[in-house]
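Residue numbers (the numbering used here): 261 to 1154. Ideal Cβ placement from N, Cα and C applies to all residues, glycine included.
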RNA sequence: GGGGACGUGGCGGAAUUGGCAGACGCGCAUGCCUUAGGAGCAUGUGCCGUAAGGUGUGAGGGUUCAAGUCCCUCCGUCCCCACCA
């Protein structure tokens, strides 16, 4: 799927590491005596390492491939050889209908852009594939599919740039992605079920989903103020506007009033907020929760004072003015009202004497960008419209204003202003000299409206509030709502920040929205037997900017007949949002061979929800929210069997951003990492491991090539130890070394059993390195060496699929290592015979003792007290208290 | 303003229920090997100290035999949302 390239303006960091301490320490050093020269040299390590980084970069620029001195070790040749063999026999094909232990290992599919596979995807697949390979080895039937999210503006823009039709460009990109990049990584994808969202066999069902939503009232057409990108010449969903800019191109987004298609995702707000059945990380849940933005409060209607209404209304306005508030307890403090300038009532209730000023203000606001308007630092502006409202709780007559700080798109587009208890209202009241009335009294403080310099938005006791005077803070909101409901003045209400999903796009490269407009019968869905509505090939696919898609200028496409009456009608010419394609793709992988159904129910029952889904955190409020919505709707409408449950993904893990030098990669920064380059230099195994070793996988972080040599060395040593064992001297190994080697590798099995399922790849690699370091110290007889080496290669296989395959063959294993079972560790070999117990005196480590693992407490205490360290630091004093922590330490207090 | 994540050597980062801080790797230093080094091998490497020892996980306080981990008060960084009523 598309990577949101314009998400951030500033360089994000998964983990901040302010090196404040460095400064503090440096300062402290000044006061001490000068350090000896030797140490000073040591500390000067940093500049030298920079030199090395430069050197590595130089090296990368050279076209000479990296060569290794060890005979026979040629990662490139090995990797290409095994790729071919795996491909020939479809090694990673999964039999979906005969799986005993189905394990759906999903990862976000890429957008085949012109730039090539993004390093973020390489990162995702490196971890998810290692995870999946482990799952396969422990006996799961892993289904690991891959495909392409090839519709959408990004690809279309690229096609426009190079002047070719996206229908020609995208297949070419897909081939390149598949053949030269994704396969080259050595991931265990089942390519027999590849999907391409631009294939009519696929988007037929994207259109079908649209129709199901339309029939259920979940897709509707409405005129509203929408986000418009003046460069991409299309509308955008709220989720695709980042800091007031287009997610795709970074252009300042403007508001335009247009008739568009929407999905009623807000109807699902409450259910999307419920993560109780979703095993997501806290970060992901929080991002979604913030995005949905639930506020609880009350809806209250203010009547318009009849005598203030302009003549054209006839002195009466049915319905009045609805407002939403999270602080109904401050209702008695409302001293004026503010409408958004775009509020539909503005025209109707503005008095003639104010009309000119109001009109001027409204048109000035329309020219502002959303971003400028959201700037809280700006001084408040606004205009009185001449009308008055009646506060329903105390019948006070209060003036109605319009101001751009009130947004039409949230709540009802109108607010009651309580300047004493809301900072924005306070600023507005001060500027226009409107009254301020205190209705919440803070404990131990008296607020004087005349001298207040800011609002009091915090807790207090209700005052000046008629029947509710004296109600304390913890109950005031609840009490007021009850009182409002009893008196018929208002009702409890929940508001969401989330808005309906704007689904139509005035572009060419997408699935045409399958709707037909008839003058008599209105909007009708295209009948099922006429799906898919094919996207026509055309030379004129350039966006028009008129608010209509290029398809609108193709009469052959537009002209059709009404499915109800058969009379001439016209087709919808907009295409659907790219995020609809990807909102259901994981369902299609399971049923690629069927053309008569979007997905097969039996397959769905066996394989869904997705067992494990890996992707990037940047999609948490886009793709992952949309996918959950579509899933829930499909379950509700009976298109998915109820037993699949509320959530499409059993376990979702989104990793953090992949940075370069602490900054997000971008073309403008010139710090984009091209994974191909690294694969060419070091081989795929090395690049995979380098990414996984750099730090916590789930947190993401910097892509640093400066440490890549560590992995190169590690694999070279693995090779050397297995292929050219120099340790088996006279064909005999000592019992001590045999035991040591076996214990090391069995402990590694155990450690990896913990790390791989938890995505702890960095510590898994560290364990493999540590194990190898131990093994290299052991002198082993050939048969013992082979026994241990085979175990080692098996547990290396998920991480380094190529290297493991090559070594497995050389150890006489049968093809393929990736069809072998994960080895079981021997419980007897993972516990040490002798253990080290730490001896602490007054909380400090003073000695250590070696004891048999079976030794009892008294024995150990006695031994601990007899140590030299104990004697020395107890200085003859008796032990006041002795704490023994089994197998770990003896703590003696004197 | 609201919400969240986090702060450990020169660097990336380890550290079940509180139990030997700094695993593993990079870098660096010294030595060996080599025609050569962008190769390999060995040893060392938190800080102060010749050493004994002291000290040390953003700062300060607390609980505990024992705190990177738990509690309190600050400081800082990053992310998301945000004139959201």
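Item: Round the Cβ separation of residue 415 and residue 462 to the nearest angstrom and send it over; I've been treating them as touching at under 8 angstroms.; Value: With a Cβ gap of about 15 angstroms, residue 415 and residue 462 do not count as contacting.
Item: Under the three-state reduction of DSSP, which class applies to residue 802: helix, strand or coil?; Value: coil
Item: Please go through the same chain and pick out, in chain order, the residues whose beta-carbon is closer than 7 angstroms to the beta-carbon of residue 430, but skip the five residues on each side of it.; Value: 372, 410, 415 and 458
Item: Nearest to residue 452 by CA position, among 438, 460 and 527, is which residue?; Value: 438
Item: Does residue 819 come out as helix, strand or coil in the three-state DSSP assignment?; Value: strand
Item: In chain order, what residues of the same chain lie with their CB nearer than 6 angstroms to the CB of residue 1143, ignoring the 5 residues before and after it?; Value: 1151
Item: Applying the 10 Å Cβ sphere with the 16-neighbour rule, what's the burial state of residue 1024?; Value: buried
Item: Between the alpha carbons of residue 851 and residue 671, how many angstroms are there, rounded?; Value: 42 angstroms
Item: Would residue 600 pass as a contact of residue 518 if the rule is Cβ separation under 7 angstroms?; Value: no
Item: Inspect the CB distances between the stretch 530 to 540 and the stretch 563 to 570 and report whether three or more fall short of 8 angstroms.; Value: no
Item: Which term fits residue 520, buried or exposed, when burial requires 16 or more other beta carbons within 10 angstroms of its beta carbon?; Value: buried
Item: So what's residue 329 in DSSP terms, helix, strand or just coil?; Value: Summary for residue 329: the model assigns pLDDT 45, below 50, so the residue's position carries little reliability, and this model does not support an answer.
Item: Where does residue 517 fall in DSSP's three states?; Value: strand
Item: Provide the residue span of the alpha helix (DSSP H) that contains residue 606, from first to last.; Value: 605 to 609
Item: Around the Cβ of residue 916, are there at least 16 other Cβ atoms within 10 angstroms (buried) or fewer (exposed)?; Value: buried
Item: Work out the CA separation of residue 1008 and residue 1133 for me, nearest whole Å.; Value: 38 angstroms
Item: Can you give the Cα-Cα distance for residue 1147 and residue 1093, rounded to whole angstroms?; Value: 12 angstroms
Item: Should the stretch 862 to 871 be regarded as contacting the stretch 798 to 809, the criterion being three or more beta carbon pairs within less than 8 angstroms?; Value: no
Item: Whole alpha helix (DSSP H) runs in the stretch 805 to 885 with 4 or more residues, listed along the chain?; Value: 815 to 818, 838 to 841, 845 to 848 and 861 to 867
Item: Select from 508, 1070, 675 and 1039 the residue whose C-alpha is nearest the C-alpha of residue 333.; Value: 1070
Item: Based on the DSSP secondary-structure assignment, which residues constitute the bridge partners of residue 784?; Value: 776
Item: For residue 487, write down the residues that DSSP places opposite it in a beta bridge.; Value: 496 and 515
Item: Taking the Cβ atom as the reference point for each residue, do residue 700 and residue 594 lie within a distance shorter than 7 angstroms?; Value: no
Item: Of the choices 579, 628, 587 and 612, whose alpha-carbon is the least far from that of residue 602?; Value: 628
Item: Any contact of the stretch 355 to 372 with the stretch 398 to 406, i.e. 3+ C-beta pairs under 8 angstroms?; Value: yes
Item: Measure the alpha-carbon distance for residue 900 versus residue 391 and round it to whole angstroms.; Value: 28 angstroms
Item: Taking just the CA atoms, how far does residue 1004 sit from residue 1112?; Value: 19 angstroms
Item: Does DSSP put residue 430 in a helix, in a strand, or in coil?; Value: helix
Item: Could you check what DSSP says for residue 1106 in three-state terms: helix, strand or coil?; Value: strand
Item: Measure the Cβ-Cβ separation of residue 1055 and residue 1012 and say whether it is below 7 angstroms.; Value: yes
Item: According to DSSP, residue 915 sits in a beta bridge with which residue or residues?; Value: 876
Item: Within 10 angstroms of the Cβ of residue 968, are there 16 or more other Cβ atoms? Answer buried if so, exposed if not.; Value: buried
Item: Kindly identify the DSSP beta-bridge partner or partners of residue 754.; Value: 556
Item: With DSSP as the reference, label residue 1141 as helix, strand or coil.; Value: strand
Item: Between the stretch 522 to 534 and the stretch 549 to 559, do at least 3 Cβ pairs fall closer than 8 angstroms?; Value: yes
Item: Give the DSSP bridge partners of residue 582, in chain order.; Value: 561
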